[in-house]
Amino acid sequence: MALYGSMNNVRARIALLPGFDVAWAYADELLRAGSPTADRVRAIAVGQRQRTELAGGVFVSEECYRTKARADGFFESHRKFIDVQIIFEGVELMEVAELATMTTRQAYNPERDLITYEDNPDASWLRVFPGQAAVFFPTDVHMPQLAVREPGGVVRKCVIKVPVA
Numbered sequence: 612m613a614l615y616g617s618m619n620n621v622r623a624r625i626a627l628l629p630g631f632d633v634a635w636a637y638a639d640e641l642l643r644a645g646s647p648t649a650d651r652v653r654a655i656a657v658g659q660r661q662r663t664e665l666a667g668g669v670f671v672s673e674e675c676y677r678t679k680a681r682a683d684g685f686f687e688s689h690r691k692f693i694d695v696q697i698i699f700e701g702v703e704l705m706e707v708a709e710l711a712t713m714t715t716r717q718a719y720n721p722e723r724d725l726i727t728y729e730d731n732p733d734a735s736w737l738r739v740f741p742g743q744a745a746v747f748f749p750t751d752v753h754m755p756q757l758a759v760r761e762p763g764g765v766v767r768k769c770v771i772k773v774p775v776a
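With this note's numbering as the guide, the letters of the sequence shown map in order to residues 612 to 776.
Structure (structure tokens):
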């Protein structure tokens with residue numbers, strides 16, 4: 612089941628799962644004004660991303676991009692990692708649907724830990740603001756990086772990858 616909302620609410624629901632202590636420590640540093648992590652993410656150029664290893668197999672993709680039209684997005688899920696997607700700057704729409712309602716487009720790619728799916732017009736929408744998080748488990752098919760309105764805006768986001776226990 613996907614989780615969405617303020618960092619405090621999301622954290623309270625999954626605090627005891629393995630690897631999330633590392634994710635929350637990173638999130639605290641990211642959201643602390645003037646921290647080295649916040650400064651590093653703020654300096655990422657549009658269209659760039661960087662991977663930072665954390666601990667215990669947890670890593671983060673620090674990203675900056677322009678949100679896109681829904682027609683340019685795609686549904687995805689992962690098997691090895693749980694996504695903790697934290698918006699640092701900007702606003703984006705994300706869609707989410709249960710795995711059981713989806714049709715696979717491209718089979719599992721173990722190198723990318725990625726499965727893609729056909730469109731699902733019945734997916735739910737999330738509007739995610741700075742300081743909020745969305746957590747997607749392997750059964751949560753999601754389409755991130757969508758524009759709230761055209762043209763798309765710039766978003767800085769950190770996707771923390773927590774290994775599935």
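Cβ coordinates follow ideal geometry from the N, Cα and C atoms, glycine included. In this text, all values refer to a predicted model and were calculated from it rather than measured experimentally.
Give the straight-line distance between the Cα atoms of residue i and residue j, rounded to the nearest whole angstrom.
i             : j              : result
arginine 651  : valine 759     : 25 Å
lysine 679    : methionine 754 : 11 Å
alanine 636   : threonine 648  : 11 Å
arginine 690  : asparagine 619 : 26 Å
valine 773    : glycine 658    : 24 Å
glutamate 761 : cysteine 675   : 18 Å
tyrosine 853  : threonine 727  : With the chain covering 612 to 776 only, the question about residue 853 has no answer from this structure.
Quick check on DSSP: helix, strand or coil for residue i?
i             : result
valine 657    : coil
arginine 622  : helix
proline 629   : coil
glutamate 722 : coil
For residue i, which residues does DSSP report across the bridge?
i                 : result
valine 765        : Arg677
serine 617        : Gln743
phenylalanine 685 : Paired residues: none, contrary to the question.
threonine 715     : Tyr728
proline 774       : Phe692
threonine 663     : Val671
Classify residue i as buried or exposed, calling it buried when 16 or more other Cβ atoms lie within 10 Å of its own Cβ.
i             : result
glutamine 756 : buried
glutamate 664 : exposed
glycine 701   : buried
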